[in-house]
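Chains as they are written, first to last, in the numbering used here: chain A, 8 to 271; chain U, 8 to 271; chain S, 15 to 253; chain H, 37 to 398; chain G, 37 to 398. Below: one structure, written as structure tokens.
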Amino acid sequence: MTVPRWVFAMAGIGAAFVLLPLVAMVLRVNWAEFVPLISSEASVAALLLSLRTSLAATLLCVIFGVPMALVLARTDFWGQKVLRSLVLLPLVLPPVVGGIALLYTFGRRGLLGQTFELLGIEIAFSTTAVVIAQTFVALPFLVLSLEGALRTVGSRYEAVGATLGASPTTVLRRITLPLVLPAVLSGAVLSFARALGEFGATLTFAGSLQGTTRTLPLEIYLQRETDPDTAVALSLVLVVVAVIIVSLAHRTGEPSRRRARALS
Amino acid sequence: MTVPRWVFAMAGIGAAFVLLPLVAMVLRVNWAEFVPLISSEASVAALLLSLRTSLAATLLCVIFGVPMALVLARTDFWGQKVLRSLVLLPLVLPPVVGGIALLYTFGRRGLLGQTFELLGIEIAFSTTAVVIAQTFVALPFLVLSLEGALRTVGSRYEAVGATLGASPTTVLRRITLPLVLPAVLSGAVLSFARALGEFGATLTFAGSLQGTTRTLPLEIYLQRETDPDTAVALSLVLVVVAVIIVSLAHRTGEPSRRRARALS
Amino acid sequence: ATPAAGSPTGSAVTLQGDITVYAAASLQATFTDLAASFETDHPGTTVVLNFAGSSALVTQIIEGAPADVFASADTANMTRLTDASLTDGSPVDFATNVLAIAVPPGNPAGITDLADLAGPDVRLVVCAPEVPCGRAATALAATAGVTLTPVSEESSVTDVLGKVTSGEADAGLVYVTDVAAAGAAVEGIEFAESAGAVNTYPIVPVTGSASADVARAFVDYVTGGTGAAVLGAAGFGAP
Amino acid sequence: MTFSLDLHVAERDVSLHLDVAAGETVAILGPNGAGKSTLLGTIAGLVTPDSGRAELNGTVLFDLPAAGSGRRIWRPPHQRGVSLLAQEALLFPHLSALDNVAFGPRSAGVPATRARQTATRWLREVDAEALAARRPAELSGGQAQRIAVARALASDPGLLLLDEPLAALDISVAPAVRRMLRRVLFDRSAVIVTHDVLDAYTLADRVVIIEDGRVVDQGTPAEVLDRPRSAFAAGLAGLNLITGIRRGDTLVVADPATTITIDAGSAGADGDPISLAVRPAAVTVTFDEPADPARTSVRAELIDLEPRGDFVRARSALLAADVSPKDAAGLDAAVGSALWFSIPSAAAMVYPTGRSERSAPS
Amino acid sequence: MTFSLDLHVAERDVSLHLDVAAGETVAILGPNGAGKSTLLGTIAGLVTPDSGRAELNGTVLFDLPAAGSGRRIWRPPHQRGVSLLAQEALLFPHLSALDNVAFGPRSAGVPATRARQTATRWLREVDAEALAARRPAELSGGQAQRIAVARALASDPGLLLLDEPLAALDISVAPAVRRMLRRVLFDRSAVIVTHDVLDAYTLADRVVIIEDGRVVDQGTPAEVLDRPRSAFAAGLAGLNLITGIRRGDTLVVADPATTITIDAGSAGADGDPISLAVRPAAVTVTFDEPADPARTSVRAELIDLEPRGDFVRARSALLAADVSPKDAAGLDAAVGSALWFSIPSAAAMVYPTGRSERSAPS
Ligand SMILES: Nc1ncnc2c1ncn2[C@@H]1O[C@H](COP(=O)(O)OP(=O)(O)OP(=O)(O)O)[C@@H](O)[C@H]1O
Ligand SMILES: Nc1ncnc2c1ncn2[C@@H]1O[C@H](COP(=O)(O)OP(=O)(O)OP(=O)(O)O)[C@@H](O)[C@H]1O
Ligand SMILES: [Mg+2]
Ligand SMILES: [Mg+2]
């Protein structure tokens, strides 16, 4: 498809809108002290914690989000529409409120608090809590983008697979998932990015303890109180890490051989 | 497609994970004082402002995001992959940092500050700033989910349209966009939800003045300082508003007649 | 608590254990210093710090966060903790803070005192009345008979300061300690009326601590001489 | 060891009954939109009928009573032992040709290596071994269709459903694939939808003609196609079909109003509905009425001359005649005027139009 | 007022030259994967060749010099005035049948009401007026194909490209659509890919045979199909084709090694490569060598008997013969053994195999 010229123009404006602030930020970085700023023990600990928890959260999002998207896209049941809207909620809930809701659920005095206490599991204010908070806010991203892709792909190939004797699980594994792999990956990237940037819910639900719950965004928030330079430098680190991981994911997902040959 | 039984189980766990915190929150609402709490002048002003700005931001996201997704999905140029990762950045940037970056760009002493000042446009502390902040954080949602859908649909129908004499713009208007309409809508819903929940960037970039820049999440945050009951009640309002708008959007987008007839 | 716990240094009994201190965000710099020197003085102890807004910290502690010490930026939030019967003893005030006017370097709007903030062309940023610094600003304005028309009522001092350092606002009302911490990024203007609204910082050990003695020792350390010195250097007033 | 089906789909106005004996191959013929694909889709489990029942080798595939009452049985597609080659190839775009073919065996639990061997064998059968490594996007239309045939066969189903398997194949492979199908369908139960009468003759034990969602005729290929009962079947068989009422020794046609002399010994009593079938090649077209008593002639307007290689087809509303190009040149100016179309009595087949049952399924 | 094309696609091993005169209809025939769809795709602008040049009515559609040097011209599909009906119908799923057909006119700027009138007219032409309001998902395969034909025609292109337009159509509409195509293609430049020799005879002014990405033969339908130069063309025309070398009054075939007596007056000098074409219907199969001097006989193994309705096709590696079902019954037991296939000299066409140019495009 030839993209109309004016579309390029609009896209250019949009891209500029997103990129200019980044440029502005890079311009403000205190390069002379950049390395010392970002290599402090606290910064490194925060970065590593962020990576660990975001990856764990992304994994959870895939494990639970893919089934959720499948159910929403491929079945029809009473109340499905309401369910779809409800699953969206963590998106719209201001993260701080999300954190409160999580406290009300998993906290010591929360809905499931007693249950977990009996089991001897302490969730709130631990690294587990960080992962839970991140999963909570990131899950809708994967579910929604994947559901859209599943609907777009349609179920014709799945039907063919079934008539060839493939059980629903086989169809899922060998047809549905490979077909929507790009969407799963981009959904996972979205989730990962959201988890990596998550701040409000983590602060409220997990607290901000160095090495345990203080992720990079929390560290940035804290540094901003006293040292905006470090905050900007750390933000840049976050951005760079995100770009690297996102590019890697896209490289893996890209069915390059196939696409290169497709008609333009 | 028959969805395997275990997929339902996983989806159920996922759904419970998202829904339980909401239930926990609803259980904590002080129902006796619910109506007075949410109908204060400040709350109503914040709600109306949030709706206005989120809708405006969603509109901007569609206007600029659709072209961006088209360019990313349908063209091949040097640096495209990097561009795609960069467009993701507002996702991963902690909102507060996003707000700082916006200040560096559109602020009085920012990259474009002088330009705007010469034009007599005041952005800081205005409702415009809120819309800008919301657009900045919400744009990647639309771009990414739409790009995935465009790739999934492929360009075969567009090619047919072109051979029938349709110009790129006609192809876009009469084939591409109708085909991906569900994805545009769900992308818009994602953007709207993100804009509605936006807090950190707005606070940092736009400030917080009742009726002008204090959106519902900001009001909730503020209320939480003194009056957690009000905060929870307002959060519930936010959730209900989101559910209503999201359902409406999905209803409009649902090509119900077509889907009902499609093979299961 | 051991009998010697009251002595900040040179204790005969060796303290042993880890504590987690929940402290208001505005205490970040001072408490980081204090925790480090406390650990040096008591080699067997570790102090983990958790900074956030005071109200968020109280909520977390009430919901079961593993805090051993809580240092609040105002008395209202401390009262919430006391009401929840989670304090081990009564809170002790350890510092005070007063408001100052912060202006961008060069003071473009030419502010000299509180009355100037009411000028029609001055873009003033203050804290919202819901948070301590906003309460103080409102009280000040009332006693001084000045009508403030801020362009934004922020939810934290940091946000006020951010607006001033970025040059977005012509002036902001923040704490003197914030002006001191910001260094060259802002100019501070102190004014006489500031004494009309003094903000008090209380600190208290939290109940149920596994290292109650260390917690008590840290509280004593902060309220003691070293604490006063470090806090004073950062611009805090004495309680 | 048989298959039987009853089927009603109100929305598509389809209401059919079909039996397939063990090892029997049934060809389904019918116009576009007659309901052929719907029939196959229902058997495969991709279309849910409003009501009906299907049983394969004693297993109920579905049982949907018309009234909402009663137990509804609906066996999912993958448990039916039925494989469908749909009208579109629908090769899995993310798998190579080989893996597409191996998909069925692997789904049946065959280990990967053995499944690939099986797949390679079937690829060879459709003359597509060289394409094994290609992705569907890199195949031509006919190549894709061949892979799809191989994929359907490789899953070794209890009942094989083929929807126009040879439509996209070129003349150089179609005969080979047709022979292969004849071999593999020989002792297999299969239902094959086709528009090609040659498929019916070479592959099918029985032919079922469907029009407007109803079975209008069935029997052996020869029965159905030599003595067609519908214009559609006659068209398939390449025959002129004239239906009317017997009046003495004539066949009276209502539209266009015409009377045709027939053999006194022909089938049917006076007043019976009878049909006359004749090959276009046997019909001649002349400017004057032929005197030959062994021929019966009708006067009709020449609508059209259509060159068909060796010969030219001359059409009237009632009859088509195949004439030599030389004769056609003489007729060229006469298009639009009335000419004499004559049929040699010996070449005309006259038989009752009635619904008498043809040979039942074996 | 003509179209000319040169085309090289290395990846698909396609290298073709094609001319189409104004108002000429060219039929492209060739095996699966020969490059027919590639050819059409390149003309339409959907496949970018490695190098080549195409010009339609004086406008350069593309000009891609082989060496990277020189100005590269690539006109986008919608500016080519070329309409392509692809092998798959690809109806726009979100538009009704009517709006699908109206798409071309509307893209050309025709107001909605007029475009719909045009579309309705074309729907009527393909006998699909009743389907106007349907969505593509609610159409049968053949119905969809008819709508796609109408859509391609409605855009009124300068050059019309049709890729197997009639493959999915049933026998009851195919003739009608074919007649309609004959009417609309009469004074239109068109390239039509087909596997049906009838399309070539009825629709085409010229036939081009493509094999393995190369033009192997072209000429009028009669020239190409009556004196085929490739096994593929012979298969299309339904002829046996035997190629070999003339040795005196015999045709010597290499594989299977055979010698066939030919008429002394036949074309070609001693040692020339010559071809012999004969219809299977003219060939007879006997157990003993026939004595008839007017026939030439070869001994070959009977591979297969294939019932084809009226007759049965008996195949050997060299020759196929159509025999009556009665005779076939007698041969049934002999499959696998060597029999005599004999050709009446009068029915055999012998001609030089050479590359001598056939009638150039008009
Ligand atoms: N999804 C659908 N929804 C509604 N009607 C449909 C649908 N699919 C097909 N039909 C209609 O049902 C009837 C039967 O269609 P079917 O596909 O079974 O025809 P067919 O005999 O296979 O035709 P063809 O030879 O063209 O493939 C047609 O009138 C068709 O328009
Ligand atoms: N996208 C592609 N990438 C690579 N090779 C391709 C692609 N599409 C087709 N081919 C190959 O190019 C050759 C020509 O294909 P083409 O589609 O032109 O054949 P065709 O003559 O139209 O055949 P058919 O009669 O089966 O439709 C074939 O060998 C095919 O496998
Ligand atoms: Mg069909
Ligand atoms: Mg093709």
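Glycine included, C-beta positions come from ideal geometry on N, C-alpha and C.
Would you mind stating whether residue i and residue j have Cβ atoms separated by less than 8 Å?
| i | j | result |
| --- | --- | --- |
| G/T297 | G/D285 | yes |
| S/L100 | S/V220 | yes |
| A/F199 | A/I252 | yes |
| S/T214 | S/F250 | no |
| G/P257 | G/V244 | no |
| U/L151 | A/S193 | yes |
| S/T157 | S/E207 | yes |
| H/G274 | H/R315 | yes |
Can you give me the start and stop residues for the beta strand (DSSP E) that residue i sits inside?
| i | result |
| --- | --- |
| G/L341 | 340 to 344 |
| H/R349 | 347 to 351 |
| S/T101 | Per DSSP, S/T101 belongs to no beta strand (DSSP E) and is neither H nor E. |
| G/R283 | 276 to 283 |
| H/L97 | 95 to 100 |
| G/L197 | 195 to 199 |
| S/D32 | 31 to 38 |
I want to check one thing, is the minimum distance from the CB of residue i to the heavy atoms of ligand 3 below 7 Å?
| i | result |
| --- | --- |
| H/Q123 | yes |
| H/D199 | yes |
| H/G66 | no |
| G/G177 | yes |
Does ligand 2 have a heavy atom nearer than 7 Å to the CB of residue i?
| i | result |
| --- | --- |
| H/S119 | no |
| U/A202 | no |
| G/K72 | yes |
| G/V50 | yes |
Quick one: give me the first and last residue of the alpha helix (DSSP H) that residue i is part of.
| i | result |
| --- | --- |
| G/N136 | 133 to 143 |
| A/L79 | 48 to 81 |
| U/A18 | 12 to 35 |
| H/T154 | 148 to 161 |
| A/I139 | 134 to 160 |
What I want to know is whether the C-beta of residue i ends up closer than 7 Å to one or more non-hydrogen atoms of ligand 4.
| i | result |
| --- | --- |
| H/S208 | no |
Does ligand 1 have even one heavy atom less than 7 Å from the beta-carbon of residue i?
| i | result |
| --- | --- |
| G/A173 | yes |
| H/D81 | The question names Asp, yet the displayed sequence has Gly at residue 81 of chain H. It does not: the Cβ of H/G81 is nowhere closer than 7 Å to a heavy atom of ligand 1. |
| H/E165 | no |
| A/S163 | A small correction: the amino acid at residue 163 of chain A is Arg; Ser does not occupy that position in the sequence shown. The answer is no for A/R163. |
| H/E47 | yes |
Hey, is the stretch 177 to 192 of chain G in contact with the stretch 124 to 143 of chain G, meaning 3+ C-beta pairs nearer than 8 Å? yes
Count the CB pairs spanning the stretch 87 to 103 of chain G and the stretch 60 to 73 of chain G that are closer than 8 Å, and state whether there are at least three. no
I'd like to know if the stretch 105 to 114 of chain U and the stretch 45 to 61 of chain A are in contact, where contact means that at least 3 CB-CB pairs between them fall below 8 Å. no
Across the stretch 181 to 191 of chain U and the stretch 204 to 211 of chain U, are there enough close Cβ pairs to call them in contact, namely three or more that are closer than 8 Å? no
If contact is defined by three or more beta carbon pairs under 8 Å, each pair taking one atom from either stretch, is the stretch 172 to 182 of chain A in contact with the stretch 52 to 59 of chain U? no
For the stretch 46 to 54 of chain H against the stretch 227 to 247 of chain S, are there 3 or more C-beta pairs whose distance is under 8 Å? no
Can you find at least 3 beta carbon pairs, one from the stretch 214 to 230 of chain U and one from the stretch 164 to 171 of chain G, that sit closer than 8 Å? no
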